[in-house]
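Asks: Residue numbers (the working numbering): 1 to 540.
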Amino acid sequence: MAEPIPQTIPAFLAAAASDRDRPALAAVESGQLVWRSWGQVLLDVRRVAGGIAARDIQPGDRVAQTAPNCYGWVIADLAILSLGAVHVPLHASSTNEQIRQQIEHSGAKLLLTDDSAGQRDLAVPRLSHGELFHGSSTSTAALGDGLGPDSLATILYTSGTTGEPRGVMLTHSNLVSNAVALVEAVATGSNEVRLCLLPLSHIYARTCDLYTWLVRGSRLVLAESRDTILRDCQLVRPTAINAVPYFYQKVAQRLESAGKAECLGALREALGGELKRCFCGGAAVAPETEALFERQGLPVLSGYGLTEASPVVTASGPEDYAAGSVGRPLPGAEVRVAGDGELLVRGPGVMRGYWRDEPATSAALANGWLHTGDLGRLDDAGRLFITGRKKEIIVLSTGKNVDPARVEALLCGSRWVEQALVVGDGRKCLGALIVPNPEALRAEIRRRRLWVWSKRRAVTHPRVVELYREEIDRCLASAAPEERVGPFRLLARGFTPELGELTPKLSLRRGVLTEHFGIEIAELFDGKAGRPAPPDPPPA
Numbered sequence: 001m002a003e004p005i006p007q008t009i010p011a012f013l014a015a016a017a018s019d020r021d022r023p024a025l026a027a028v029e030s031g032q033l034v035w036r037s038w039g040q041v042l043l044d045v046r047r048v049a050g051g052i053a054a055r056d057i058q059p060g061d062r063v064a065q066t067a068p069n070c071y072g073w074v075i076a077d078l079a080i081l082s083l084g085a086v087h088v089p090l091h092a093s094s095t096n097e098q099i100r101q102q103i104e105h106s107g108a109k110l111l112l113t114d115d116s117a118g119q120r121d122l123a124v125p126r127l128s129h130g131e132l133f134h135g136s137s138t139s140t141a142a143l144g145d146g147l148g149p150d151s152l153a154t155i156l157y158t159s160g161t162t163g164e165p166r167g168v169m170l171t172h173s174n175l176v177s178n179a180v181a182l183v184e185a186v187a188t189g190s191n192e193v194r195l196c197l198l199p200l201s202h203i204y205a206r207t208c209d210l211y212t213w214l215v216r217g218s219r220l221v222l223a224e225s226r227d228t229i230l231r232d233c234q235l236v237r238p239t240a241i242n243a244v245p246y247f248y249q250k251v252a253q254r255l256e257s258a259g260k261a262e263c264l265g266a267l268r269e270a271l272g273g274e275l276k277r278c279f280c281g282g283a284a285v286a287p288e289t290e291a292l293f294e295r296q297g298l299p300v301l302s303g304y305g306l307t308e309a310s311p312v313v314t315a316s317g318p319e320d321y322a323a324g325s326v327g328r329p330l331p332g333a334e335v336r337v338a339g340d341g342e343l344l345v346r347g348p349g350v351m352r353g354y355w356r357d358e359p360a361t362s363a364a365l366a367n368g369w370l371h372t373g374d375l376g377r378l379d380d381a382g383r384l385f386i387t388g389r390k391k392e393i394i395v396l397s398t399g400k401n402v403d404p405a406r407v408e409a410l411l412c413g414s415r416w417v418e419q420a421l422v423v424g425d426g427r428k429c430l431g432a433l434i435v436p437n438p439e440a441l442r443a444e445i446r447r448r449r450l451w452v453w454s455k456r457r458a459v460t461h462p463r464v465v466e467l468y469r470e471e472i473d474r475c476l477a478s479a480a481p482e483e484r485v486g487p488f489r490l491l492a493r494g495f496t497p498e499l500g501e502l503t504p505k506l507s508l509r510r511g512v513l514t515e516h517f518g519i520e521i522a523e524l525f526d527g528k529a530g531r532p533a534p535p536d537p538p539p540a
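1. Grab me the residues of Ala185's own chain with a C-beta within less than 7 Å of its C-beta, minus the 5 sequence neighbours each way, in chain order.
2. Check whether the Cβ atoms of Glu418 and Gly500 sit closer than 8 Å, and answer yes or no.
3. Where do the N-terminal and C-terminal ends of the alpha helix (DSSP H) with Arg100 fall, by residue?
4. Please say whether Leu170 and Ser82 have beta carbons closer to each other than 8 Å?
5. Could you check whether the segment 434-446 touches the segment 517-526, counting it as contact only if at least three pairs of C-beta atoms, one from each stretch, sit closer than 8 Å?
6. For Asp425, I'd like the list of residues in its chain whose CB is within less than 7 Å of its CB, leaving aside the five on either flank, ordered along the chain.
7. For the alpha helix (DSSP H) that Ile472 lies in, which residues bound it at each end?
8. So, helix, strand or coil for Ala309, using DSSP?
9. So, under 8 Å CB-CB, Phe293 and Pro299 are touching, yes? Tell me the CB distance rounded to an integer number of Å.
10. By the DSSP assignment, the alpha helix (DSSP H) with Gln296 in it spans what residues?
11. Do Ala409 and Ala284 have their C-beta atoms closer together than 8 Å?
12. So what does His541 bridge to, in DSSP terms?
13. For Gly373, report the span of its beta strand (DSSP E) as first-last.
14. Whole alpha helix (DSSP H) runs in the segment 296-364 with 4 or more residues, listed along the chain?
15. With a cut-off of 8 Å on the beta carbons, I'd call Thr387 and Gly341 a contact; round off their distance for me.
16. For Leu65, which three-state DSSP category applies?
17. Do you know how far the Cα of Leu370 is from the Cα of Ala544?
18. Does DSSP classify Ala17 as helix, strand or coil?
19. Would you mind working out which of His202, Phe133, Glu3, Val45 sits nearest Thr541, comparing C-alpha positions?
20. Near Tyr321, which residues of its chain fall below 7 Å by C-beta distance, leaving aside the five closest residues on each side in sequence?
21. Quickly, what does DSSP pair Thr154 with across the bridge? List them, please.
22. Label His172 either buried or exposed according to how many other C-beta atoms from any shown protein chain fall within 10 Å of its C-beta, with 16 as the threshold for buried.
23. Taking all protein chains shown into account, do 16 or more other C-beta atoms lie within 10 angstroms of the C-beta of Thr95, making it buried, or fewer, making it exposed?
24. Using the C-alpha atoms, what's the distance from Trp355 back to Gln568?
25. According to DSSP, is Leu43 helix, strand or coil?
26. Would you say Ser106 and Gly60 are within 8 Å of each other, going by their C-beta atoms?
27. Classify Val345: buried if its beta carbon has 16 or more other beta carbons within 10 angstroms, exposed otherwise.
28. Report the option in Pro149, Pro199, Gln234, Leu524 whose CA atom is closest to the CA atom of Leu175.
29. May I ask which residues mark the beginning and end of the beta strand (DSSP E) holding Glu418?
30. Roughly how many angstroms separate the alpha carbons of Ala443 and Phe247, rounded to a whole number?
31. Quick one, which of Gly84, Gly72, Gly31, Leu476 has its alpha-carbon nearest Ile57's?
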């Protein structure tokens, strides 16, 4: 008789840790790969759970955590859930004010931080990972005593790309069902070695990397930082990576710059040599990038989801891959296209609701379906294609509707383009702010021996502007007439999470960007001269 499927996250940890000596979790620390066994993970979870419980944390209490990806983050997450408490992960890039608001809104009784975190003026007790790991508790009580599948596991504050962040309530059943269904859909097993490079404070990496690791009982490695990923690939030699389109775009650009884009095997070698699966979510992959990966025998397997669905709704496997598609619904999930094209979702991963926000909950969960705000279509094979987001659609003065994310993806397929913001609501055509790929642009300036003495001169030199005009037109040659970009401006700096312009998973925060670059956007269409510089990014 088959063993029953665990119903909570701690129960999956207990099952995976039955082989205590097997390698389980590693982190790249100062360029070195440091492994911990399942037995060590289990021991550390119990020790940290004891330290948290000693602060009078009871089942149902909220515990916040703000830290970058690290071994301590994972252990703290599992310890909080093992106590029956509710984990409130806060993005490490958040400002003090954002963290203060979310702690206050969630009612968190304790804040956990990494050892290097600066002091924050917050009216809540604080513990560092180091203090927890050096605690004396080694309780051997069973993990997750008294927990049930309907117990609240986490409150996640959405990234706020289209409005004020809300606290999404997800239960153990939500998280477990999503992780189990995802493992079943993409057919990965216990031999997988996955490199985690996305922030665990976001539900995308937390479910798709961390909790599927527990379900599979496989090996997971935490990359050292966003800047060391390709080096870490050589150290880890992963068999699977889960990333956002920006990462795959940068890898493709690096291959193209090295003249290796058509050298079969060069892509796999750049990613460690053992890679078998490239998973992707969060936004559309540029067609040029997708085509390069497919030619190299490593198709980008895209999925679709949102925090309110734990998060995965659809996923692609190697057998049903189709360029441009985000795959089929997970087992148990239902997807319906409403009359206006909005995607409606129903299934075990759908949230309980928004924390302390009944009106928003009622609006999002109307008539038994989660209203996603995304637009899409299903093909005859049941594969989903995303066609836009209701609140982001640009309506031109001609009456034509345009999905800016699709145009931005086409532009970012160019090796000359690092980032792009497409605008034009109420205008007769689209405009764009373009962040050049600095390496490609510097090399071209040297090759052409252009007289350039500053970053601003580099993006205003007539020969550079002419180059980008040709490249924009090439990228959009097959696009619909209303998707063509008219006026554009090259920017001397990129969009950054530190300035609130990107979410932790590097999606554009359009409202913030249009505020920061409001004068530049206006000048696209009216040609007025003179502008103050937008805010500089913080020092590294």
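Every residue, glycine too, gets a C-beta built ideally from N, C-alpha and C.
Replies: Reading off the structure:
1. Contacts found: Ala315, Gly317, Leu330, Pro331.
2. No, the pair does not count as a contact, with Cβ atoms beyond the cut-off.
3. Per DSSP, the unbroken alpha helix (DSSP H) holding Arg100 starts and ends at 96-106.
4. Cβ distance not < 8 Å, so Ser82 and Leu170 don't count as in contact.
5. Segments in contact, no.
6. Correct list, in chain order: Ile394, Val395.
7. 462-475 is the span of the alpha helix (DSSP H), which, as asked, contains Ile472.
8. It is helical.
9. 6 Å between Cβ atoms; contact.
10. No alpha helix (DSSP H) holds Gln296; DSSP gives it neither H nor E.
11. Their beta carbons are under 8 Å apart, which means Ala409 touches Ala284 by this criterion.
12. With the chain covering only 1 through 540, there is no way to say anything about residue 541.
13. Gly373 -> beta strand (DSSP E) spans 370-378.
14. Entirely contained in the segment 296-364, the alpha helix (DSSP H) runs reaching 4 residues are, in chain order, 358-364.
15. With a contact defined as Cβ atoms closer than 8 Å, Thr387 and Gly341 qualify at about 7 Å.
16. Checking the sequence, you will find Gln at residue 65 rather than Leu. In the three-state scheme derived from DSSP, where H, G and I count as helix and E and B as strand, Gln65 is classed as strand.
17. It is not possible to answer for residue 544, since the shown part of the chain is limited to 1 through 540.
18. Under the three-state reduction of DSSP, Ala17 is assigned to coil, being neither helix nor strand.
19. Missing from the structure shown is residue 541; the chain here goes from 1 to 540 and no further.
20. Cβ within range, chain order: Pro299, Leu301.
21. According to DSSP, Thr154 bridges with His87, Leu170.
22. Around the beta carbon of His172, 16 or more other beta carbons lie within 10 angstroms, which makes this residue buried.
23. When all chains shown are included, Thr95 counts as exposed.
24. Since the first residue shown for the chain is 1 and the last is 540, residue 568 is missing from the structure and cannot be characterised.
25. In this structure, Leu43 counts as helix in the three-state DSSP scheme.
26. A distance of 8 Å or more separates the beta carbons of Ser106 and Gly60.
27. Around the Cβ of Val345, a 10 Å sphere holds 16 or more other Cβ atoms; the residue is buried.
28. Cα-wise, what sits closest to Leu175 is Pro149.
29. It spans 417-423 - the beta strand (DSSP E) in which Glu418 sits, taken as one unbroken run.
30. In a straight line, the C-alpha of Ala443 is about 21 Å away from that of Phe247.
31. Nearest of Gly84, Gly72, Gly31, Leu476 to Ile57, Cα basis: Gly84.
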